[in-house]
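In our numbering, the protein residues as written are 77 to 377.
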């Protein structure tokens, strides 16, 4: 075999290996989207079922939270390469022009934040926070309404009263009730969650009420988490050269995916998985979605 033929053969082998990697990433991403559609959460967001994610997974969770609007579910997959980062996104509906514009803008802000690090880029951080607030406003307002309803329903509970007073005081310190931004309230909820966690009193608070507080807090927590990652000089080359890929939201026929159990067991141990599935089995809507998404019994575990 001539040197030229040998070179072509090696290039062909390299190309085939790269194609296999792409197929594997697609399988991973679509598998996560299937889980998200089944149990109706953004894949990897802050959740008591997912307590010990590695840094890459945590960042994926943050992104998934700020990319999901209304009733959408979003799957995020990060690919870390030498000197750059690739982010693959998929969701259960089409990518609209406003989605693409939003993603392009936050990508630009994060690149600028990273390039300026360790100097804090106030303008880009402000613009990033504003973009997230506007894009996620419908879903965040819906969660705020549920929280408001909880405050009225559990009004006599001492912990609910404490939260209500805590919220009022913090709003008065930061701004005023009429002009308070919804993302500001998310930040106050985040602060409250940290406070009760440190005091170890979460178990005494009505679970539904606490769940809604945490859901509101996720937005500010995710925004801060993303910005802190972008500021980290350790990740400067990754963010400065980040590339974002939007994957077709429609899973093509015969698209291979990992099993339900395979994906979830990556985040929680066997005992927690069993408890998680016990709770899912008691919710008809979740079981209906699981049956609809996982039509193949081989991957329905």
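Glycine included, each C-beta is placed from N, C-alpha and C at the ideal position.
Only a predicted model underlies this, so the values are computations on that prediction, with no experimental measurement involved.
Identity of the residue in the options nearest residue i by Cα
| i | options | result |
| --- | --- | --- |
| residue 307 | 198, 152, 168 and 78 | 198 |
| residue 262 | 219, 138 and 354 | 219 |
| residue 224 | 323, 240 and 149 | 240 |
| residue 211 | 360, 200, 144 and 133 | 144 |
| residue 163 | 323, 358 and 350 | 323 |
| residue 249 | 217, 258, 264 and 238 | 264 |
| residue 209 | 258, 247, 167 and 284 | 258 |
| residue 141 | 320, 357, 299 and 305 | 299 |
| residue 157 | 132, 247 and 139 | 132 |
| residue 233 | 276, 280, 295 and 171 | 280 |
| residue 168 | 229, 149 and 177 | 149 |
| residue 207 | 192, 175 and 190 | 175 |
| residue 309 | 171, 177 and 189 | 189 |
| residue 213 | 171, 345, 242 and 295 | 295 |
Beta-carbon separation (whole angstroms), residue i vs residue j, contact threshold 8 Å
| i | j | result |
| --- | --- | --- |
| residue 244 | residue 269 | Going by Cβ atoms, the distance from residue 244 to residue 269 rounds to 17 Å, so no, they are not a contact pair. |
| residue 435 | residue 194 | With the chain covering only 77 through 377, there is no way to say anything about residue 435. |
| residue 186 | residue 352 | That pair is no contact at about 32 Å. |
| residue 318 | residue 161 | 5 Å |
| residue 215 | residue 146 | 6 Å |
| residue 320 | residue 165 | 7 Å |
Burial state of residue i (16 or more Cβ within 10 Å)
| i | result |
| --- | --- |
| residue 79 | exposed |
| residue 120 | With a pLDDT of 38 at residue 120, under the threshold of 50, the modelled position of this residue cannot be trusted; read the value that follows with caution. Classification of residue 120: buried, given that the 10 Å Cβ count is 16 or more. |
| residue 159 | exposed |
| residue 89 | exposed |
| residue 311 | buried |
| residue 85 | exposed |
| residue 275 | exposed |
Close beta carbons around residue i, own chain, < 6 Å, minus the five adjacent residues each side
| i | result |
| --- | --- |
| residue 297 | 266 |
| residue 203 | 185 |
| residue 272 | 278 |
| residue 138 | 298, 301 and 302 |
| residue 178 | 211 |
Same chain, Cβ closer than 7 Å to residue i, five either side skipped, listed in chain order
| i | result |
| --- | --- |
| residue 227 | 236 and 240 |
| residue 201 | 189 and 303 |
| residue 380 | Within the shown structure, residues of the chain are numbered from 77 to 377, placing residue 380 beyond reach of any answer. |
| residue 242 | 268 |
| residue 222 | 288 |
| residue 230 | 236, 282 and 285 |
Chain-order list of residues whose beta-carbon lies under 8 Å from that of residue i (same chain, five-residue window excluded)
| i | result |
| --- | --- |
| residue 357 | 363 |
| residue 135 | 154, 301, 302 and 305 |
| residue 313 | 159 and 160 |
| residue 196 | 307 |
| residue 360 | none |
| residue 217 | 258 |
Practice task
Assess, as a yes-or-no matter, whether the segment 173-184 is touched by the segment 272-290 under the definition of 3 or more beta carbon pairs within less than 8 Å.
Solution key: These segments do not touch.
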